[in-house]
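>
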Amino acid sequence: MSDSTLLRFAARAALATATAGSLVALGSLPASAATDPALRPPKATKGPCHYTATPDDPAVRRVPLPPDPWRTPTRTVVATLETNHGRIGLTLNAAKAPCTVQSFVHLAKHGFYDFTGCHRLTAYDRLKVLQCGDPGFTGEGGPGYKYKDELPTDLPPWPGDTTGTRKTYARGVLAMANAGPDTNGSQFFLVYGDSGLPPNYTVFGTVNAAGLAALDRIAAGGIQPTPDGPTPPVDGKPVLPAKIRHAKVWH
C-alpha cells in the first residue's frame, strides 16, 4: 500500500475535490451561472481558512460552515472524547493549526462527533493509528466542507529512511486524515505507536496519557479480518468497537 493511500478517507471525496477545484470565480462565469445553482461556485467563508462547501460530497450530519474570523485564534484548547474505553484527553494546538482547531471545535460543539465510531485501526510496521470522525462509520463520510492543509515542518525524520521523505508522527500525535492536498474535513487519526509518513497530514494536537492507555486497549484487541487480507490483519475495523459517546471542548 502506497503512502498516498494509507490515510485516505474517501475516494469520492477526492473526486468531489477535483470537481470543486475546477470551478472558477463567480465573476468569470457566464450570466446563467447566477441563476443556475449547478453552475455556481461552492459556498465558502471569507476569512483566511476559506472553509468551502463540498456539494458533491454532502455532510453525513448537517452542520454549517465553521466561523472564519480574520484574526484567527491561536490559544491552546483542551478537548475530551468520552469513549466506551474511557476518556481520551486532547490538547489542540491552535498556534500551529488554527484552521484545523477551529473546525474541530466547531464540529464538537455541534455534536458532529457524538455517538460515532472509529472505523479504522492499523498495525503496520510504520503506521499505527486509530482513525475516527465519520458518523457513517464507512471511512467515506465528512462534514460537507473542506479546508486547507496546515502541514507540519518540524517532525523528526523517520529512522532508516535515507530518502528524507518520511517523517515521524510520534506516539500521542493527533492529526487530520485527508483524501489529498487541501481536503481536510472531519476525519482525524490518533497515533498509538510511532508512524513513518510523508508530512502530508496536518498535526493539530496531542493525546494525554489516559487517552493513550485507551488507545492501547483498543489496539491490543486487534483488527477484524477480511477474506482477502493478511493474517494477522493489519488494517480494518477494530475488533473492540471504539465508540465516541461525546466530544467536549474546554477553552
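For what it's worth, our numbering labels the leading residue of the sequence shown as 1, then goes sequentially.
From the three backbone atoms N, C-alpha and C, an ideal C-beta is built for every residue, glycine too.
Just so it is clear, the structure is predicted and the values come from calculations on it, not from any experiment.
1. Measuring alpha carbon to alpha carbon, tell me which of D149, A214, C118, G222 ends up nearest V101.
2. Can you tell me whether T254 is buried or exposed? The criterion is at least 16 other CB atoms within 10 Å of its CB, across all chains shown.
3. By how many angstroms is the C-alpha of L65 removed from the C-alpha of S186?
4. Would you call the segment 137-147 in contact with the segment 166-175, where contact means no fewer than 3 C-beta pairs closer than 8 Å?
5. Quick check on this structure: which residue in V63, L155, D68, A177 has the alpha carbon closest to the alpha carbon of P48?
6. Can you tell me whether T162 is buried or exposed, with buried defined as 16 or more other CB within 10 angstroms of its CB?
7. Considering only residues of the same chain and omitting the five flanking positions on each side of K43, which have a CB-CB separation below 8 Å?
8. May I ask you to report which of helix, strand or coil DSSP gives S186?
9. Run through the DSSP bridge pairs and tell me what L130 is partnered with.
10. Is the beta carbon of L151 less than 8 Å from the beta carbon of T202?
This is what the structure holds:
1. By one-based count along the sequence shown, residue 101 stands at place 101. V101 has its Cα closest to that of D149, out of D149, A214, C118, G222.
2. Given that the chain is displayed from residue 1 to residue 251, the structure contains no residue 254 and the question cannot be resolved.
3. Taking the sequence shown and counting its residues from 1, the one referred to as residue 186 is at position 186. Taking the sequence shown and counting its residues from 1, the one referred to as residue 65 is at position 65. Approximately 12 Å, taken between the alpha carbons.
4. no
5. In the sequence shown, the residue the question calls residue 48 occupies position 48. The candidate whose alpha carbon is nearest that of P48 is D68.
6. Mapped onto the sequence shown, residue 162 falls at position 162. Exposed is the call here.
7. Sequence index remark: in the sequence shown, residue 43 carries index 43 (1-based). Cβ neighbours of K43 beyond the five flanking positions: T52, A53, L65.
8. Position 186 of the sequence shown, counted from the start, is the residue given in the question as residue 186. Residue state, collapsed to three classes: coil.
9. By one-based count along the sequence shown, residue 130 stands at place 130. Answer by DSSP bridge pairing, in chain order: L121, L190.
10. In the sequence shown, counting from the first residue as 1, residue 151 sits at position 151. In the sequence shown, counting from the first residue as 1, residue 202 sits at position 202. Taking 8 Å as the Cβ cut-off, L151 and T202 qualify as a contacting pair.
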